[in-house]
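Novice: For the sequence shown, full-length UniProt numbering begins at 1 and goes up steadily by one.
Structure provided below as C-alpha cells; questions to follow.
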Amino acid sequence: MNLPQPIETYFNADSRNDAEAVLQVFLTDAIVKDEGKTHRGCQEIEAWWRAAKAQYQPVAKPLDCTNEHDEYRVRAQVTGNFPGSPAVLTFAFRLEHNWITRLEITA
Numbered sequence: 001m002n003l004p005q006p007i008e009t010y011f012n013a014d015s016r017n018d019a020e021a022v023l024q025v026f027l028t029d030a031i032v033k034d035e036g037k038t039h040r041g042c043q044e045i046e047a048w049w050r051a052a053k054a055q056y057q058p059v060a061k062p063l064d065c066t067n068e069h070d071e072y073r074v075r076a077q078v079t080g081n082f083p084g085s086p087a088v089l090t091f092a093f094r095l096e097h098n099w100i101t102r103l104e105i106t107a
C-alpha cells in the first residue's frame, strides 16, 4: 500500500511507541478527534496519544487507503487492551504541505 509520507510516518512511529516522531508529522495547530473528544495543538495531541497508549496499548496495522476530497481514509486493524479487540477503525487524515492538519478516528 502506498501511503502519503506523513501518514506512513505516523503509523510507523505509532507502532514503535515513538511520541516524538508521531508529533513531528502534525502541524502545531492540528486537530485530533477520537472517542468523542477533540484535541487541539501539539500539547493536547501528545497528551491524548500518551493516554491512549497507556490505557489501551493499541497497535494499528493499515489495511487500505482511499483519497476523497483531500481526505485520506485509512482503514486499520487495531489490536490492544479494549473490548472488541481487534477492531477495524478508520483514520481520516487531512494534509497540508506534507503535514497532518486533522485526524479523526472512528469505528
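Note that beta-carbon positions come from the ideal geometry of N, C-alpha and C, so glycine has one too.
Between the Cα of Thr101 and the Cα atoms of Ala107, Asp29, Gln5 and His39, which residue gives the shortest distance?
Specialist: Along the sequence shown, one-based indexing puts residue 101 at 101. Of the listed residues, the one whose Cα sits closest to Thr101 is Asp29.
Novice: Does at least one heavy atom of the ligand NAP sit under 8 angstroms from the Cβ of Glu44?
Specialist: The ligand NAP is absent from the structure shown, which contains no ligand whatsoever.
Novice: Under the rule that 16 or more other beta-carbon atoms within 10 Å means buried, what is Pro58, buried or exposed?
Specialist: Position 58 of the sequence shown holds residue 58. Buried, since its Cβ has 16 or more Cβ neighbours within 10 Å.
Novice: Beta carbon of Ala76, beta carbon of Phe26: below 9 angstroms?
Specialist: For the purposes of this step, residue 76 is taken as residue 76 along the sequence shown, with counting starting at 1. For the purposes of this step, residue 26 is taken as residue 26 along the sequence shown, with counting starting at 1. Result no, Cβ atoms of Ala76 and Phe26 do not sit closer than 9 angstroms.
Novice: With a floor of 3 residues, list each beta strand (DSSP E) that falls wholly inside the UniProt domain "SnoaL-like" (8-93), ordered by position along the chain.
Specialist: Runs of the beta strand (DSSP E) inside the UniProt domain "SnoaL-like" (8-93): 26-34, 37-40, 59-68 and 71-79.
Novice: Whole angstroms is fine: what's the gap from Pro86's alpha carbon to Arg73's?
Specialist: The sequence position of residue 86 within the sequence shown is 86, counting from 1. The sequence position of residue 73 within the sequence shown is 73, counting from 1. Going from the Cα of Pro86 to the Cα of Arg73 covers about 19 angstroms.
Novice: Keeping to the same chain, check which residues put their C-beta closer than 8 angstroms to that of Thr106; ignore five residues upstream and five downstream.
Specialist: For the purposes of this step, residue 106 is taken as residue 106 along the sequence shown, with counting starting at 1. Excluding residues within five positions, the ones whose Cβ falls inside 8 angstroms are Leu89, Thr90 and Ala92.
Novice: Return the bridge partner residues of Leu3 from the DSSP annotation.
Specialist: Within the sequence shown, residue 3 is the residue found at index 3, counting from 1. The partner list for Leu3 (beta bridge, DSSP) is empty, contrary to what the question assumes.
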